[in-house]
Ligand code: HOZ
């Protein structure tokens, strides 16, 4: 692990944290284990920047892992949280703002007729799976290899994100019996799903999918694939769950379903609907959602669900996005310039990359092959990714510390930020090319 003079304080904090917290972090990817660097300990964020414990400023492309589409510490979100805190941090009782947030979401995402707020994306997917099983009275779930839906036992099967980063295809502590009802299939592979439905006709409760994958790096659906998922699930009476924890309100105000016109039965949403605070939600057709307790027999609960601070932040965030629909085009244009520049620089340095981008999400894969599923994502050279990551960090650019994660551009990223990122990338690609040459000469 490299400790640079620039990040001595972060390295010290990491050592202290390791004595108290497993791996020194509260979520594995944050340990920067795959990129051979001590983690950056964050102190504050402002707009597009993160400032670390050593006082270094970084142009941030982690963006709280997606939700910070308005950048760090947006004044409206800050104000809303402060005002809500003055009224009380939590009541364990229903509050009026929960209705307002639910209304904003159902207006933005018409497939969601009714919604339940929870505390995280993991809770959202766990609850959606239970509801799908309860509603359909079927047990099997189909997920896709390399998609990650949180750390739910039954979904930790051939998952992406941290599980792929740390090469833990399955987690210890999840009994095989718990995953026997999960079928994991390759993403973007129509034949595999057709075969599964042929083999298990009438037994599959739901197909859950990241409609644009973020957790094997950014991987878009092939043309017509989402429509195919909609049709094959409907034909069998299975539910389609779009996991829009990353993409909801990020790729458009209505998420991927707003862009594609695909209407799922259930949708899961994450922290963006809490302005970056701990929130998740699941929702969908009223007929299905009415099966949730206390209206129906599918039990799901949470003392902190609908927490007033998170709800206030979420309302502020969504109202700002609704007020400024041009944000999406602006970020798209800026991201496009960034990606064109990165492609040019990689080519000039002689480094093979495939850069996948959808809207403001992107991943630089260090492979010459198209990346369309987890197998092709795994053709990427992770050592090269790690050297690129470290070189970018040294130049003041903070990327997600794993080849199997998406990077996010926000409305707070400015043209000078993009220029500075490209300048950093020029050096980073040259350094990757230099290392590759040295390694080849040594052989
Ligand atoms: N679940 C996040 C998005 N893939 C990764 C970050 C984390 O696990 O802490």
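Numbering (the working numbering), first residue to last: -7 to 435.
Glycine included, C-beta positions come from ideal geometry on N, C-alpha and C.
Residue environment analysis places residue 36 among the exposed positions, since fewer than 16 neighbouring C-beta atoms fall within 10 angstroms of its C-beta. Per the DSSP secondary-structure output, residue 261 pairs in a beta bridge with 236 and 273. Here the alpha carbons of residue 100 and residue 254 stand approximately 14 Å from one another. Secondary structure at residue 24: coil, using DSSP grouped into helix, strand and coil. For the 8 Å CB-CB criterion, residue 413 and residue 51 form a contact. Judged by DSSP secondary structure, residue 135 falls within the beta strand (DSSP E) whose first and last residues are 132 to 136. Taken in chain order, the unbroken stretches of alpha helix (DSSP H) that lie wholly in the stretch 32 to 82 and span 4 residues or more are 67 to 79. At least one heavy atom of ligand 1 falls within 7 Å of the beta-carbon of residue 153. The stretch 303 to 312 and the stretch 261 to 270 touch, with no fewer than 3 CB-CB distances between them shorter than 8 Å. Counting along the chain, residue 335 sits inside the alpha helix (DSSP H) bounded by residues 318 to 341. Going by DSSP, residue 196 is part of the beta strand (DSSP E) stretching over 196 to 201. With a cutoff of 7 Å, residue 115 does not count as near ligand 1, since its C-beta is closer than that to no heavy atom of the ligand. Taken atom to atom, the span from the alpha-carbon of residue 350 to that of residue 418 is near 23 Å. For residue 261 against residue 273, the beta-carbon gap comes to about 4 Å, under 8 Å, which counts as contact. The residues 132, 133, 134, 135, 188, 192 and 196, in chain order, have a CB closer than 8 Å to that of residue 175 in the same chain once the five nearest residues on each side in sequence are set aside. Judged by beta-carbon spacing, residue 111 lies within the 8 Å limit of residue 270, meaning their Cβ atoms are closer than that value. Collapsing the DSSP output to three states places residue 355 in a strand. Counting only the Cα atoms, residue 120 lies some 34 Å from residue 377. Within the same chain, 182 come within 7 Å of residue 220 by CB-CB distance, once the 5 residues on both sides are set aside. The DSSP-derived three-state label of residue 241 is coil. Nearest C-alpha to residue 425 among 305, 190, 343 and 210: 343.
One alpha carbon belongs to residue 252, the other to residue -4, and they sit about 45 Å apart.
Remark: the C-beta of residue 348 is outside contact range of ligand 1, defined as less than 7 Å to any heavy atom. Placement of the Cβ of residue 140 at a distance of less than 7 Å from at least one heavy atom of ligand 1 is found.
No Cβ-Cβ contact shorter than 8 Å links residue 155 with residue 179. Around the Cβ of residue 75, a 10 Å sphere holds fewer than 16 other Cβ atoms; the residue is exposed. For residue 254, no beta strand (DSSP E) encloses it, and the DSSP letter there is neither H nor E. Going by DSSP, residue 424 is part of the alpha helix (DSSP H) stretching over 407 to 434. The beta carbons of residue 402 and residue 55 sit closer together than 8 Å.
Taking 8 Å as the cut-off, the beta carbon of residue 165 is found no closer than this to the beta carbon of residue 152. Collapsing the DSSP output to three states places residue 402 in coil. For residue 226, the uninterrupted alpha helix (DSSP H) run begins and ends at 217 to 228, by DSSP. Bounds of the alpha helix (DSSP H) holding residue 0 are 0 to 12. In this structure the stretch 370 to 386 does not lie against the stretch 233 to 241, because fewer than three pairs of beta carbons, one per stretch, are closer than 8 Å. Within the chosen limit of 7 Å, ligand 1 reaches the beta carbon of residue 21 through at least one heavy atom. Counting along the chain, residue 109 sits inside the beta strand (DSSP E) bounded by residues 106 to 110.
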